[in-house]
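Numbering (the working numbering), first residue to last: 195 to 481. Note that CB positions come from ideal geometry on N, CA and C, so glycine has one too. These notes concern the structure reproduced below.
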Amino acid sequence: MKYLVCVLWVSALLIDSVKAQPLPKPNTFAPKLTLLWETDALLTTVESVIYDPVSKHIYTTNINGHFMKKDGNGFISKVDLQGKIVESHWVKGLDAPTGTGISQGKLYVTDIDKLIAIDIAQGKILKTYAIKGAKALNDVEVGKDGTVYCSDTGGNQIFALKNGKITCVVPKIDTPNGLLADGDRFLVTCWTPKTLNYLDLNTKKITSISNGLTGPDGIEKVDDQHYLVSGFKGLIHLVNKNGQKQLLLDTQDQKINATDIDYIPSMKILLVPTFSKNTIRAYKLTY
């Protein structure tokens, strides 16, 4: 009898202990974008944006005309972190500048069939690299070894600048757009098909991560598990490494584009060029 009472007493204690434990919290992962500011509409056909942590300024490319016309109307703008346009025509005389990348104090910009190196401190063009065979250059990305890559959406290829020389490193890839060097991984968005992919630069093998991305454009790393991918018509998706995607922003109905984005991890700020709306928008990412 004493044994039975003891067992019942211990069982009651265990039940009470289980009841006292807090219930597991539901999955609260709910990322969202909150608009912080928008520049004045002076950034004519703004295609790409990049933040330089050294100068603490934002730089934008402005096509200011047709994206394939060599008219000398293109320019680069300088913007501060509060969205004020410091200098609208910081560097001018370009044709149709698109992608941007920064390395060792230089801003690299694609311009139809050229790659242009600009000294950030002086705001002057240092060198122009003509790229033979390029049709419509687009994004720029700098690898961990300093190699400057640029996608040729119109020519279905990817070029690289290394040790002062331009080479074609991927001679055949369907409509490459956004590029991202993430450690040993190299990512690329393709318009046909509408995908985010891993690209092995040695074997040229492409592995699809996520598909069904409308007009996939820029790619930015958020953390070790997530990327932000823009869609030209006005979409921002958060995509994880398993390919699952979540729509964070849709401004299609407002006719506000989202082209070559940049993300500032230390501030959790996403910078979005609106292309035909002629502005840059800054969003706070929370999750």
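ALA328 and ASP307 - do their beta-carbons sit closer together than 7 Å?
Locating residue 307 in the sequence shown gives position 113, counting from the first residue. Locating residue 328 in the sequence shown gives position 134, counting from the first residue. In this structure, ALA328 lies closer than 7 Å to ASP307 by Cβ.
Using the C-alpha atoms, what's the distance from LEU395 back to ASP378?
The residue you call residue 378 lines up with position 184 of the sequence shown. The residue you call residue 395 lines up with position 201 of the sequence shown. Rounded to whole angstroms, ASP378 to LEU395 spans 10 Å at the Cα level.
Which of the three DSSP states is assigned to GLY412 in this structure?
For this step, residue 412 is matched to residue 218 along the sequence shown. In this structure, GLY412 counts as strand in the three-state DSSP scheme.
Given this structure, state the Cα-to-Cα distance separating HIS431 from THR304, to the nearest angstrom.
Within the sequence shown, residue 431 is the residue found at index 237, counting from 1. Within the sequence shown, residue 304 is the residue found at index 110, counting from 1. Taking the straight line joining both Cα atoms gives about 25 Å.
ASN258 versus LEU390, PHE269, VAL248, residue with shortest Cα-Cα distance
For this step, residue 258 is matched to residue 64 along the sequence shown. Nearest of LEU390, PHE269, VAL248 to ASN258, Cα basis: PHE269.
First and last residue of the uninterrupted beta strand (DSSP E) at VAL285
Your numbering for residue 285 matches position 91 in the sequence shown. Note, VAL285: beta strand (DSSP E), 279–288.
Looking only at its own chain, which residues have a Cβ that is under 8 Å from the Cβ of LEU320, when we skip the five neighbours before and after it?
Counting from one through the sequence shown, the residue named residue 320 turns up at place 126. Around LEU320: LYS300, ALA311, ILE312, ASP313.
One or two residues paired with LYS177 in a DSSP bridge:
Lying outside 195 to 481, the shown extent of the chain, residue 177 is not represented and no answer is given.
Contacting residues, own chain, Cβ-Cβ under 8 Å from LYS278 (five flanking each side not counted)
Residue numbering aside, residue 278 sits at position 84 when the sequence shown is read from its first letter. For LYS278, the CB contacts under 8 Å within the same chain, skipping 5 residues up- and downstream, are THR233 in chain order.
DSSP three-state assignment for PHE261, whether helix, strand or coil
Counted from its first residue, the sequence shown places residue 261 at position 67. Here PHE261 sits in coil by DSSP.
Thinking just about the alpha-carbon of each residue, which of GLY437, HIS283, GLU281, PHE261 is nearest to the one in THR292?
Working through the sequence shown from its first residue, we reach residue 292 at position 98. When each option's Cα is compared against that of THR292, the closest is PHE261.
Within 10 Å of its beta-carbon, does PRO220 have 16 or more other beta-carbons around it, so buried, or fewer, so exposed?
As a working mapping, residue 220 is identified with position 26 in the sequence shown. Residue confidence is low: PRO220 scores 46 on pLDDT, short of 50, so the model does not pin down where it sits. Its coordinate-derived value is still stated next. Result: exposed.
According to DSSP, what are the bridge partners of THR445?
Residue mapping note: residue 445 aligns to position 251 of the sequence shown, counting from 1. DSSP lists no partner for THR445.
For LYS326, which of GLY295, LYS318, LYS359, GLY406 has the nearest alpha-carbon?
Here residue 326 is taken as the residue at index 132 of the sequence shown, counted from 1. For the residues GLY295, LYS318, LYS359, GLY406, the minimum Cα distance to LYS326 belongs to LYS359.
Short of 7 Å in beta carbon distance, which residues of its chain neighbour GLN419, apart from the five on each side in sequence? Order them along the chain.
Residue 419 sits at position 225 when you count from the first residue of the sequence shown. The residues are ASN434, LYS435.
Over the uninterrupted beta strand (DSSP E) stretch that includes ALA452, give me the two end residues.
Along the sequence shown, read from residue 1 onward, the residue named residue 452 stands at position 258. It is not in any beta strand (DSSP E) - ALA452 carries neither H nor E in the DSSP assignment.
Output needed for THR389: all residues of its chain with C-beta closer than 6 Å, excluding positions within five of it in sequence on either side, in chain order.
Sequence index remark: in the sequence shown, residue 389 carries index 195 (1-based). Excluding the 5 residues flanking it on each side, THR389 has same chain C-beta neighbours closer than 6 Å at SER402, ASN405, in chain order.
C-alpha gap between GLU281 and ASN472, whole angstroms
If you number the sequence shown from 1, residue 281 lands on position 87. If you number the sequence shown from 1, residue 472 lands on position 278. Each residue's CA atom was taken as its position, placing GLU281 and ASN472 some 15 Å apart.
Suppose contacts are defined by Cβ-Cβ distances below 7 Å. Is ILE488 in contact with GLY428 by that definition?
For residue 488 there is no data in the structure shown, the boundaries of the chain being 195 and 481.
Kindly list the residues whose CB is nearer than 6 Å to the CB of LEU373, restricted to its own chain and excluding five residues on each side of it in sequence; keep chain order.
Within the sequence shown, residue 373 is the residue found at index 179, counting from 1. ASP333, GLU335, TYR343, SER345, VAL382, listed in sequence order.
Going by alpha carbons, who is nearest to VAL239 out of ASN267, GLN440, ASP274, LYS462?
Start at 1 with the first residue of the sequence shown, and residue 239 comes out as number 45. Per the sequence shown, the amino acid found at residue 239 is Thr instead of Val. The shortest C-alpha to C-alpha distance from THR239 to any of ASN267, GLN440, ASP274, LYS462 is the one to ASN267.
Taking 7 Å as the CB-CB cut-off, is SER271 touching chain D?
Of the protein chains in the structure, only one exists, and it is not chain D.
Bridge partners - GLN438, DSSP secondary structure assignment
Position 244 of the sequence shown holds residue 438. Among the bridge pairs identified by DSSP, GLN438 is matched with none.
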